[in-house]
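Heads up: the structure comes next, in structure tokens.
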Amino acid sequence: MLTLIAKRAVLGVFTLWLVSVLVFAGTEILPGDVAGAILGQSATPESLARLRAELGLDVPALQRYAEWLTGFVQGDMGRSMASGQPVADLLWPRFWNTMALAAYAGAIAVPLAVGLGITAAALRGGIFDRVSNVAALAFVSLPEYFLGLLLVLWLSVKTGWLPSLADTYDGMGLAAWFRATTLPMLVLVMVTTAQILRMTRTTVLGVMDQPYVETAFLKGLRNGRVVLRHATPNAAAPIVNVVSFNIAYLITGVVLVEAVFNYNGLGRFMVDAVSRRDLPLVQAAAMIFGGVYVFLNMVADIAAIALNPRLRHPRGKEA
Amino acid sequence: MSDDILRIRDLRVSTDTGVELLHGVSLELERGEILGLIGESGAGKSTIGLAAMGYGRGGCRITGGEVQLAGKDLASCTRREREAVRGARIAYVAQSAAAAFNPAHRLEKQIIEAPLYHGLMTEAEARAWMVELFTALGLPEPETFGRRFPHQVSGGQLQRAMVALAMACKPDVLVLDEPTTALDVTTQIEVLRLLRDTIRKYETSALYITHDLAVIAQVADRLVVLRHGQEVETGPTQQILTAPREDYTRRLVSERQASLSAPAGAAHKTGQELLRVEEVDATYGKAPVLSGIDLSVKQGETVAIVGESGSGKSTLARVVAGLLPPSRGRVAFDGAALPPSYRRRGKDLLRRIQLIYQLPDVALNPRQTVAEAIGRPLSRFQGLTGGANRAEVLRLLDQIGLPAEMADRLPGALSGGQKQRVCIARALAAKPDLIICDEVTSALDPLVAEDILRLLRRLQDELGITYLFITHDLSVVKRLADRTVVMQKGRIVEEAETDRLFAAPAQAYTRGLLASVPQLDPGWLDSVLTAP
Chain A
1 MLTLIAKRAV
11 LGVFTLWLVS
21 VLVFAGTEIL
31 PGDVAGAILG
41 QSATPESLAR
51 LRAELGLDVP
61 ALQRYAEWLT
71 GFVQGDMGRS
81 MASGQPVADL
91 LWPRFWNTMA
101 LAAYAGAIAV
111 PLAVGLGITA
121 AALRGGIFDR
131 VSNVAALAFV
141 SLPEYFLGLL
151 LVLWLSVKTG
161 WLPSLADTYD
171 GMGLAAWFRA
181 TTLPMLVLVM
191 VTTAQILRMT
201 RTTVLGVMDQ
211 PYVETAFLKG
221 LRNGRVVLRH
231 ATPNAAAPIV
241 NVVSFNIAYL
251 ITGVVLVEAV
261 FNYNGLGRFM
271 VDAVSRRDLP
281 LVQAAAMIFG
291 GVYVFLNMVA
301 DIAAIALNPR
311 LRHPRGKEA
Chain B
1 MSDDILRIRD
11 LRVSTDTGVE
21 LLHGVSLELE
31 RGEILGLIGE
41 SGAGKSTIGL
51 AAMGYGRGGC
61 RITGGEVQLA
71 GKDLASCTRR
81 EREAVRGARI
91 AYVAQSAAAA
101 FNPAHRLEKQ
111 IIEAPLYHGL
121 MTEAEARAWM
131 VELFTALGLP
141 EPETFGRRFP
151 HQVSGGQLQR
161 AMVALAMACK
171 PDVLVLDEPT
181 TALDVTTQIE
191 VLRLLRDTIR
201 KYETSALYIT
211 HDLAVIAQVA
221 DRLVVLRHGQ
231 EVETGPTQQI
241 LTAPREDYTR
251 RLVSERQASL
261 SAPAGAAHKT
271 GQELLRVEEV
281 DATYGKAPVL
291 SGIDLSVKQG
301 ETVAIVGESG
311 SGKSTLARVV
321 AGLLPPSRGR
331 VAFDGAALPP
341 SYRRRGKDLL
351 RRIQLIYQLP
361 DVALNPRQTV
371 AEAIGRPLSR
381 FQGLTGGANR
391 AEVLRLLDQI
401 GLPAEMADRL
411 PGALSGGQKQ
421 RVCIARALAA
431 KPDLIICDEV
441 TSALDPLVAE
451 DILRLLRRLQ
461 DELGITYLFI
471 THDLSVVKRL
481 ADRTVVMQKG
491 RIVEEAETDR
501 LFAAPAQAYT
511 RGLLASVPQL
521 DPGWLDSVLT
531 AP
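Chains A and B, in that order, give the protein sequences. All letters in the first sequence, in the order written, are residues 1 to 319 by full-length UniProt numbering. All letters in the second sequence, in the order written, are residues 1 to 532 by full-length UniProt numbering.
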């Protein structure tokens, strides 16, 4: 089993390297360059060439890639082309903002969704199952900015319970932070809960058709116990998968929610960087996103390996 | 009568779509008695077994009659009352223990769950009882056997552990649903003995469900013969076997003793060698599965390859078919070397070697009609299209004994035997020289299997086809094969004319294999076990 996990980890590193190639190639073929963006209308061919040389853009792409990658591996993300500040100084605060919001939403959404999904499966066909199904479908199909605006309308404009903008700043109190971020958290919880719930329910129901579940029923066990003890352990791997997928979404896919609530996260940071053609920022943000995806998928796969009794307790070895 | 532990009266069970599966079945089970339920698939055997526990599979419901277990009617009592009885007073042994054990938990956790849940024993008592059962069932290291996970023990051991699971609450009644059908013959004999002895030792009553008359003859006191959800006849085992009253029962009994006595059409036997396998080794990954296989098959001949699971017989079929290139050795077909992989075999070679599989359900595309399935090889190999294709499809259907109106049906609308006939027609459409039959009758009911064997035999007489017949069923071999090859652990143990092999097997392994085939004689199991 350890070899399998090691193999998976090596594959993760390899995937990350592929991501770096794609990110670099992708930003290379982006139309226009930062020199053009900085100089704007006043650019002359001479001034463009001078600025390019200054920024190191005249070096061959392969060499720039090698330098960028070695720098990146050592934690040096380069400097912003627009402001000249180190990328790391600009990026990490935003990254932690995004992580904080994702953690807030995930800590509520994951247990809630898995619990509701298992309950819906146990009460298949009942009122609870049908209502949760319809609600989940509604949340999945509504665009998140629309959900966000609805919440702002009800919980902020009409009732005034919560602020409509998620303004956060250094040194703000914990209570104030929670108050400011609760609305975007609610939107994220709705969207992710819906997906995890539906997936959990489907997976558990799939296992419910297995002969060993029938065995459990024929022992005279009650429905709830059969679902919890006999079906759910065998549904764990796919559930972990969809959970990790949704956590990845919470970190990397929330740019619209950040925009609606004016939250200072990594998604907006990257969009702004793209519009300014600030390639080092774009590359660094893309690598962070890619890294998060690769890491979470790797965790899900390793969890699936670790949860498989056949791999955990190989044949031929006693218990 | 008062001593009946289980009494079923006029039991009716319907699916959730309203189709009635059981049309009023009645039976009584006395204390300590083993009652055999026998019949083909679809006869309603399992439905009765589960209904005896107040359980319906996949939306089936009891719609009429009563199921009295120790005086309580499971058909009319509340769900809580049913759950209290299930597992505790009546317990179930499934056909496939491998599927019936939860892969996520250790055996002991699953076995002691029911007695603890029902509050019948303390954990220490339940464990002690489990160890006693393991010992009675001949499981290795009974003290620690329960620490294993289901995938860590063999099929025969798991099936015995399933019996321990069912006996965990010391139930009054066991429902055994084909408990040895999934096992190899030599394993079956052992499990059968332990099963019978354990049931007798603890004076448990049992409903024993099977389609195999010879197996049930060894264990049951009385038999109920079922067909289409109705009782055909009931009687003591000896009487049903020796003096059946109903015609259907007579056919079931005589099928076991039947033989296709007429020798295969000698006209086609040219004595010319069609297939030659020389010094073939094959591996799956690094694990060797075949070593040093030599085999020769003559034109128009039927060669059976028999062996237990894991003997490599199906792998040999895959090597010949080109699905698994051998790691060493040569295969020659009709005098010329056969490319190891089917990918490198020309269209004509592919046409000349055809394969028929064990499971016709899986081998047919559910979205293709019968005519499409059979018509495809006709257009590919013979270039027949349109009306000519259709005419040939109908001719083939006639040849395999299916009516022409079947041509436009989808496989879902056919029975298992009909599907297997379509698979045979599809193979015939290529006009092959060699057909590899991989357990083609194993998934079929005895009487249907008998028909398929007759069909294969007739086609050989008419067309001179050569068969390579892979099977674990020795009674099939006896009826069909000219020569028989016995395999064990990837090697050929013995090879001889079928008659000679059965009359005077040279190898101890072959003798053991032959002796393990259940016989209709109710004393057979004891005679085998007492034999040296």
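We put the CB at the ideal spot given by N, CA and C, even for glycine. All of these numbers come straight from a predicted model, not from anything done at the bench.
Within the stretch 193 to 218 of chain A, D209, Q210, P211, Y212, V213, E214, T215, A216, F217 and L218 place their CB atoms closer than 9 Å to a CB of chain B, listed in sequence order.
In the three-state reduction of the DSSP assignment, G292/B falls in the strand class, which pools E and B. Contact note: L221/A reaches chain B through E83, R86, G87, E113, A114 and Y117, using a C-beta cutoff of 9 Å and chain order. When the beta-carbon positions are compared, T232/A and F289/A stay at least 9 Å from each other.
The way I'd put it, the stretch 354 to 370 of chain B does touch the stretch 412 to 420 of chain B; three or more beta-carbon pairs between them come closer than 8 Å. By the criterion of at least three beta-carbon pairs nearer than 8 Å, the stretch 282 to 299 of chain B is in contact with the stretch 448 to 466 of chain B. Against chain B, the CB of P233/A has a partner CB under 9 Å away; the residue lies at that interface. Scanning D438/B, M487/B and A496/B for the CA closest to the CA of I470/B turns up D438/B. Under DSSP, V517/B shares a beta bridge with no residue. Following the DSSP letters along the chain, one finds Q399/B inside the alpha helix (DSSP H) bounded by residues G386 to Q399. At a cut-off of 9 Å, the C-beta of R127/B has no neighbouring C-beta in chain A.
Of the candidates G155/B, M121/B and R160/B, R160/B places its Cα closest to the Cα of P142/B. Neighbours of Y55/B in chain A, taken as residues at a C-beta separation under 9 Å, are given in chain order as E214, F217 and L218. Beta-carbon to beta-carbon, G322/B and Y342/B are separated by about 3 Å, close enough to satisfy the 8 Å threshold. In this structure, the straight-line span from the alpha carbon of G490/B to that of I216/B is close to 32 Å. Among the CB atoms of chain B, none fall inside 9 Å of the CB of R124/A. By the criterion of a C-beta distance shorter than 7 Å, T135/B is surrounded in its chain by P142, once the five residues flanking it on both sides are discounted. The beta carbon of P309/A sits closer than 9 Å to some beta carbon of chain B. Here Y208/B is bridged, per DSSP, to G36/B and L176/B. Non-local C-beta neighbours of I435/B in its own chain, meaning closer than 7 Å and more than five positions away in sequence, comprise Q354, I356, A427, I465 and Y467, ordered along the chain. Restricting attention to R479/B, F381/B and D408/B, the CA atom closest to the CA of R390/B is found in D408/B. Counting only the Cα atoms, E405/B lies some 13 Å from L396/B. DSSP, reduced to helix, strand and coil, places G65/B within a strand of the structure shown. The CB of F134/B never comes closer than 7 Å to any CB in chain A; the least such distance is about 15 Å. Assigned with DSSP and collapsed to three states, Y357/B falls in coil, not helix or strand.
For the pair of segments examined, the stretch 91 to 102 of chain B was found to touch the stretch 210 to 226 of chain A: the number of CB pairs separated by less than 8 Å reaches three. Counting only Cβ-Cβ distances below 8 Å, Y92/B has contacts in chain A at T215 and L218, in chain order.
In the three-state reduction of the DSSP assignment, A82/A falls in the coil class, being assigned neither a helical nor a strand state. About 20 Å separates the CB atoms of Y208/B and L74/B; that is not less than 8 Å, and the two are not in contact. In the three-state reduction of the DSSP assignment, H472/B falls in the coil class, being assigned neither a helical nor a strand state. Among the CB atoms of chain A, one or more fall inside 9 Å of the CB of P103/B.
In this structure the stretch 446 to 466 of chain B does not touch the stretch 376 to 390 of chain B; the number of beta carbon pairs closer than 8 Å is below three. A direct Cα-Cα distance of roughly 19 Å separates L39/A from T27/A. Take the alpha-carbon of G24/B and the one of G229/B: they are about 8 Å apart. With fewer than 16 neighbouring CB atoms inside 10 Å of its own CB, D294/B falls in the exposed class.
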